[in-house]
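Written below as structure tokens is the structure these notes are about.
There are 4 protein chains.
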Amino acid sequence: MLNPSTPKPSNPGIDPVAGPAPQRKKRLLARLHDVRGNTEQLVATLGPEDQNLQSMPEASPAKWHRAHTTWFFETFVLQPFKAGYQAFNPAFAELFNSYYNAIGEQHARARRALISRPDVETVSEYRQSVGQALDELIKACPENVFDKLVPLIELGLNHEQQHQELMLTDLKHAFHFNPLAPAIGHAPPVPAQAACADPAWLEFDGGTVEIGAVGDRFCFDNELPRHRVYLNNRYQLANRPVTCGEFSNFIDAGGYADPLLWLADGWAWIQQNNAQAPLYWSSCAGDRRIYTLSGWREMDPSEPVCHLNFYEASAFAEWSGCRLPTEAEWEAAAVSQSCDGHFADQRRYHPQPIEAAGKQLPAGMFGDVWEWTSSPYAPYPGFQAAAGAIGEYNGKFMANQMVLRGGSCATPKGHVRATYRNFFYPVDRWQFSGLRLARDA
Amino acid sequence: MLNPSTPKPSNPGIDPVAGPAPQRKKRLLARLHDVRGNTEQLVATLGPEDQNLQSMPEASPAKWHRAHTTWFFETFVLQPFKAGYQAFNPAFAELFNSYYNAIGEQHARARRALISRPDVETVSEYRQSVGQALDELIKACPENVFDKLVPLIELGLNHEQQHQELMLTDLKHAFHFNPLAPAIGHAPPVPAQAACADPAWLEFDGGTVEIGAVGDRFCFDNELPRHRVYLNNRYQLANRPVTCGEFSNFIDAGGYADPLLWLADGWAWIQQNNAQAPLYWSSCAGDRRIYTLSGWREMDPSEPVCHLNFYEASAFAEWSGCRLPTEAEWEAAAVSQSCDGHFADQRRYHPQPIEAAGKQLPAGMFGDVWEWTSSPYAPYPGFQAAAGAIGEYNGKFMANQMVLRGGSCATPKGHVRATYRNFFYPVDRWQFSGLRLARDA
Amino acid sequence: MLNPSTPKPSNPGIDPVAGPAPQRKKRLLARLHDVRGNTEQLVATLGPEDQNLQSMPEASPAKWHRAHTTWFFETFVLQPFKAGYQAFNPAFAELFNSYYNAIGEQHARARRALISRPDVETVSEYRQSVGQALDELIKACPENVFDKLVPLIELGLNHEQQHQELMLTDLKHAFHFNPLAPAIGHAPPVPAQAACADPAWLEFDGGTVEIGAVGDRFCFDNELPRHRVYLNNRYQLANRPVTCGEFSNFIDAGGYADPLLWLADGWAWIQQNNAQAPLYWSSCAGDRRIYTLSGWREMDPSEPVCHLNFYEASAFAEWSGCRLPTEAEWEAAAVSQSCDGHFADQRRYHPQPIEAAGKQLPAGMFGDVWEWTSSPYAPYPGFQAAAGAIGEYNGKFMANQMVLRGGSCATPKGHVRATYRNFFYPVDRWQFSGLRLARDA
Amino acid sequence: MLNPSTPKPSNPGIDPVAGPAPQRKKRLLARLHDVRGNTEQLVATLGPEDQNLQSMPEASPAKWHRAHTTWFFETFVLQPFKAGYQAFNPAFAELFNSYYNAIGEQHARARRALISRPDVETVSEYRQSVGQALDELIKACPENVFDKLVPLIELGLNHEQQHQELMLTDLKHAFHFNPLAPAIGHAPPVPAQAACADPAWLEFDGGTVEIGAVGDRFCFDNELPRHRVYLNNRYQLANRPVTCGEFSNFIDAGGYADPLLWLADGWAWIQQNNAQAPLYWSSCAGDRRIYTLSGWREMDPSEPVCHLNFYEASAFAEWSGCRLPTEAEWEAAAVSQSCDGHFADQRRYHPQPIEAAGKQLPAGMFGDVWEWTSSPYAPYPGFQAAAGAIGEYNGKFMANQMVLRGGSCATPKGHVRATYRNFFYPVDRWQFSGLRLARDA
């Protein structure tokens, strides 16, 4: 029995209390430079045109991500706290505001790629300028101000990490339209010749569990408040995510042609899009190659399947005689584990086969692929959005989306934790999204 | 403290066990004739063209509703159980199948109004022919077959009642495009001159509650299984639904122009549709008239507001500093009440002011307006769809929709109960949908 | 050499000058009753639902056509000329105005099928009431008023004949979505077993020709003024329209799969619609049946092909190494012929094989199928639209459409003439539209 | 009387006959370097992101234009004529083919901006590589091959000039979405304070005129064959194009709100797009600023109005009691003039006030603004598209578009002539398109 237990913080974050101010400032500055440096690292091999790609309204250019995350610090930290701060460019207030209506108008999301100017060099200067101003502010501010800055900067850093992941998924989506098949990830190993062993089932107690963040470290507001959920049944989780080989069997068995396996909206999605395989799988008959951020490669039957939408994940579960876990079930099973796995720091940007045999706990809960849950994204009981514009961060999206858990191969290491709630529309599949089977015991 | 208690069955249904077979058959036949006769009653004042109206894909012609509900009995009762049964017209298998993929192909939903033939007379003959065959089958079948028929016929009758409500909402949607403003409902009383008193708050315990149907009477599969839910907080419900007068205040206060009140998808919906008031409210500035099934009339500030979508209900709750109840909270508060209220048998087809003052329990929980809850429509823990094509009835719609509770002025009397779950997309507002405010205690 | 010659009036029309007023009135009344009676004849076998069908915005319900043609007389004859005339129903001014902005607002074209009320009986009363008022006006008016009425009533009658054809084409479009395949035309003969003989070529002079109406009988304003056109080359026309057998060869030769045969916009239309055959041809591989207003029947290889759009007609001509005729070429070849052919009075509502062998003039120029020309619909030099709202009749449509000539099997006998210009968008194919090949001599 | 006369060649082109081969090669090489150098000159001040902008499917990135024009030479000159030529990159065959189905598949037009790679440097190398290969081929080929090369290279150069103009119009369309309002044109002079004088009317004979190219110099196939057109009436042309001041009067008089001025399709366009002024005019009430390629500036009432679509041009003409000229009328009036005017070599990229007073011929026929004619774009009598893939250049677009004449401020100097036919859809307005009034004498 795993529950209840306190979630293990995976994100080192910043302990807002401990230690004298100078050391805390030093730690915050180091983390600030580290996280923001990672953003720049991601675009190191990208040309200016690469950085300005936008393949659909939901995806944004890398240059925009770089500027928007900078705008976030400028708007929520520098403007209110740095005396006499002058905006780098007043036009950026509109250009790089994503969706904060409380701040002001926004440049149309679908037209972000039309912003050829500011160019990449100017955006680099913008990042440096804001970075320098943040440094100055942190170093110079009195301790009572610093205490106010810490949660905002920590939010800005976690926000920037989220955009680091989106930079990768958005770039992948744009690149895959190019017949030249650009590649930026590390070269993958040779695919396994044999499918991996069938998954084993691990069992968990039902009853009352507590989920949600404790609140002693950084978390997003949507992880709060910690609260009780009653699980009606003992349940089982597969000891690893579903693999490409298993999903391939689903396809070969006619899974995409059998309406009885699909949610009604999912079946309508198939009809409208003529979907026949996960995103990025070759559409040529008999060709089981997959486009990855390292280019096209043979599908590896032992690696976790990804780029599924919720409908595909649900249909696969139905076909398997199983179901998706609820987010509470998932969290209860994950909470006692450390957040290890394959993350973006490995620069593979693709899920890898997971060694699960013989383990007492489900493997691959963190990293590799986000796992769709059966839980609609809704406020926890007693949820309160933050005051002010920051309150638009999460709460207003709590409709029509589903919760995913665990992070992916494109998630920055250290960013996720057991209580972390990601959310996308059921139709979305450009994220590294897969699934883990569940069933009642 | 209201919980736990066993839900009160509001639907008399058929006791599948009690009594000798002849009496049970007699009771079933009486109910069959009653419910199916109500369908015909609804179209008694409609011309053939009225019966063939379709104003959007989501709404269907009354003639189609009449034929589809008949097809349901023919397909799920007569075909499998009546030896030698010949289909009234084999083409109807496709024409009047709504969405049962396990049965076969379906005529395109958006093109139901193109089925001028069969005409209304032929559909009447179809209904009579199937009705007669059902009578014969029920009267002649042995008891062991009768025991199998009862739940299917009961499902067919509840199904037909659902379509009776849709006939009204769909007709209203089509009629309101006609400048002649057709009217079929009973004439309304003179609107109240004064707004009603402010709502009072009634408080309920949190903790573990049981919700869902007990299963001893008819219920839909989506009400099962009965299960426990943990309510984290004591909570309060308003003693009556929100009124037109209150919603009018929200409009006057600029509610439709303030993005901070709205879910992101709701705000996008406003932008795309230039929404400024509930559906059927006059779009002329300064004109607070409402189109009803009795024609245009002055808005009555004391009557429950309806034809809101989920976004409008949520925004109003946000503006009020409250929230919507979860479906568990709603059910726990409703379960001990009898299912009284203003239903379709009154032929007003419009909500009426509700007398709530001084009552110990929330008034107007049943009838008048469906109440949006904050709960996404999802399977209960352990939910199992029925075997076969009937399994497509509810389960495959468990994504992207929200739960509404309590029935409306267009719901047949006796159809709903405390455990009854209705569901529509957040954007839908052609149903008689309103809201009741909730808040944490 | 056929040119120049004065066009032969095929439409008996009304000689506005000859004879004493009483006889002229008598003739006009007879014609009025005859034409308007034909409209009612067309709907004699249609039920109310049939009369209210609308399958696309471009097509209108038969009931609407009946009311709109009545509105035309009410608006342009009764309102201005009958002292004290009271509108049958003031709401009809908006409901049954098609596109006359000078008259006022119009009910949305795409929502004409939502007008279940007025019902068919009321529309019949409307027609009778306006008919009676017209009779009274004609009989009672002084001769100077009668002289003003004649051209307006004649316009109204020709207008009503145009809508008679549309009633048939619009009904066919709606009926073909119904798997019951309603039939209203006379039963067709058995298809010919053999294809007809190859077409012969008939040659015509180039040089200056005069086209357009002389103006001594009724014509539409778009046929005026008569003017000179210089034809640069001697040219040839096929002695009959293209047949289904010939078009079938085009399909079998891969005509719909070869982009080099198609105009760019036509190729885009194919891609978007997956077009593979003319409208109403069975989409099942190997099935060469055609839906007609007499139901489904075997394609007759010897009958003129119809329900082609301009792109299909052009591609067929390209594949044949020929071209479409210009409207001037067509008119110059047609002007000396009498307007005989298969028209709607035969109630076949489908083109019939045409006997062309041995004739000195092209056969089948009138009736059977409208023939696409290569001429965009543009004003003749010096064109002047009529003053007032009547001026909206033709002129404002002179962009983006192509001219068709000669009438079809759905055109009222006596309605067309050599100078008659019909026009549809290149993409349209729900009319009885075919083609005749042309080439330079 | 201006007609008939032989059109004056404005495009120096290459005399394919005169002179010995070495001199002809030298002249061709000089012209090749000159035209292709102008393309590179146009992007000299653009960053990589600027060069990759695409704001709508109809507009293409500058980088794509640079590569496509190079592909044109590679495909139609190098591949067939240069022995052993190896494609620079085989993937470019698909990436940079615009619409030549005879050559092969094409990358989707709407996704040209997704081609971040090849980057601008690689495209520059591509251009240099192909340029060098062309030089080698021209220098080395025998005279009989050179005679075959000349018309293809001349076509390629004229093709490249057309794309030079599109680079400017496409860039302007993309830039205007950027609130930073990028500017690349030379700074404009101060707007005139006073409106210019009313236009004078110049009169021309009717009767038979000859239009179309003589064919002794380069022309596009759509200018052939030269042929006779009969003009039915003497006609008048305004001595200059319509100005911004005049169009401003049309707006102030409610021109965009009066349906009686508009073609039906134009009125529908207004309703759908809420159009209230020409493209690039400020949408703020009372603000008469215009976005130009030199940034935002005050509207100059004396400069020719541009960025009108055909509907706007037609409505203005209707409001003025005039009409648009036919292309034959325009050409007959232009044919005796030299092709002087404000072209792209001035780098203003915006029309300038035209001095027309006292001239015997209409001023501003060439350069400044393309002038909409009333002529649909159709093949001339006897038109033959070129054999092979080149035949797709013009012929397949001869439907649904209208002819414009005379070139614009974005047209390369020397590119147009009196017989030159440009064509766009009636709805298009991102070209520098204006109008000149005409009327019957």
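Residue numbers (my numbering), protein chains in the order written: chain A, 1 to 441; chain B, 442 to 882; chain C, 883 to 1323; chain D, 1324 to 1764.
Even for Gly, the Cβ is constructed at its ideal location relative to N, Cα and C.
Query: Interface partners of Ala378 (chain A) on chain B, CB under 8 Å; Result: Ser815, Ser816 and Pro817
Query: Alpha-carbon to alpha-carbon, Ile544 (chain B) and Ala1350 (chain C); Result: The requested residue 1350 (chain C) does not occur in the structure, where chain C is confined to residues 883 to 1323.
Query: Whole-angstrom C-beta distance between Pro1123 (chain C) and Arg1318 (chain C), which should lie under 8 Å; Result: 5 Å
Query: Under 8 Å by beta carbon: chain A residues contacting Met839 (chain B); Result: Leu263
Query: The stretch 518 to 545 of chain B: positions lying closer than 9 Å to chain A by Cβ; Result: Tyr540, Asn542 and Ala543
Query: Buried/exposed call for Met1379 (chain D), threshold 16 Cβ in 10 Å; Result: exposed
Query: Below-9 Å beta-carbon distance, Leu1317 (chain C) vs any chain D residue; Result: no
Query: Cut-off 6 Å between Cβ atoms - residues of its own chain near Ala1335 (chain C), not counting five sequence neighbours on either side; Result: The requested residue 1335 (chain C) does not occur in the structure, where chain C is confined to residues 883 to 1323.
Query: Bridge partners - Glu433 (chain A), DSSP secondary structure assignment; Result: As written in the sequence, residue 433 (chain A) is Ser, which differs from the Glu given in the question. According to DSSP, Ser433 (chain A) bridges with A:Trp370.
Query: Proximity test, Cβ basis, 9 Å: Trp1524 (chain D) and chain C; Result: no
Query: Chain A within 9 Å of Trp1753 (chain D), Cβ atoms only; Result: no
Query: Beta-bridge pairing of Glu1526 (chain D) - partner residues as DSSP gives them; Result: D:Gln1559
Query: Short CB-CB distance (under 9 Å) between Ala1239 (chain C) and chain B; Result: no
Query: Collapsed DSSP secondary structure at Pro1123 (chain C) in the structure displayed; Result: coil
Query: Opening and closing residue of the alpha helix (DSSP H) in which Arg1009 (chain C) lies; Result: Val1002 to Ala1022
Query: Under 9 Å (Cβ pairs) to chain C, residues found in the stretch 551 to 562 of chain B; Result: Arg552, Ala554, Leu555, Ile556, Ser557, Arg558, Pro559, Asp560, Val561 and Glu562
Query: Neighbour flag for Lys1295 (chain C) against chain B, beta carbons, 9 Å; Result: no
Query: Tyr291 (chain A), DSSP secondary structure in three states; Result: strand
Query: Closer than 9 Å to chain B by CB, Gly382 (chain A); Result: yes
Query: 6 Å Cβ shell around Gly883 (chain B) - same chain, five flanking residues per side excluded; Result: No answer is possible for residue 883 (chain B): it lies beyond the span of chain B, which begins at 442 and ends at 882.
Query: Assigned exposure category for Ser1290 (chain C) - 16 Cβ within 10 Å defines buried; Result: buried
Query: 7 Å CB neighbourhood of Asn673 (chain B) in its chain, flanking five on each side removed; Result: Gly647
Query: Beta-carbon proximity check, Gly1209 (chain C) vs Val1285 (chain C), cutoff 9 Å; Result: Per the sequence shown, the amino acid found at residue 1209 (chain C) is Glu instead of Gly. Their beta carbons are under 9 Å apart, which means Glu1209 (chain C) touches Val1285 (chain C) by this criterion.
Query: CA nearest to the CA of Ala1761 (chain D), picked from C:Phe1305, C:Leu1190, C:Phe1057 and C:Pro1263; Result: C:Pro1263
Query: At least three beta-carbon pairs within less than 8 Å, the stretch 1625 to 1633 of chain D to the stretch 1744 to 1755 of chain D; Result: yes
Query: Completely contained beta strand (DSSP E) runs for the stretch 1687 to 1731 of chain D, where each covers 3 or more residues; Result: 1693 to 1699 and 1725 to 1728
Query: Residue span of the alpha helix (DSSP H) that contains Ala1215 (chain C), given as start and end; Result: Glu1209 to Ala1216
Query: CB contact check: Thr516 (chain B) to chain A, cutoff 9 Å; Result: no
Query: CB contact check: Ser1447 (chain D) to chain C, cutoff 9 Å; Result: no
Query: Pair within 9 Å by beta-carbon distance, Asn538 (chain B) and His509 (chain B); Result: yes
Query: DSSP three-state assignment for Pro1582 (chain D), whether helix, strand or coil; Result: helix
Query: Where the alpha helix (DSSP H) containing Leu536 (chain B) begins and where it ends; Result: Phe533 to Leu536
Query: Simplified DSSP state of Asp216 (chain A), which is helix, strand or coil; Result: coil
Query: Three-way DSSP call (helix, strand, coil) for Tyr541 (chain B) in this model; Result: coil
Query: Spatial neighbours of Val1027 (chain C) in its chain, beta-carbon cut-off 7 Å, leaving aside the 5 residues before and after; Result: Phe963
Query: CA-to-CA distance, Gln384 (chain A) to Ala705 (chain B), given in whole angstroms; Result: 16 Å
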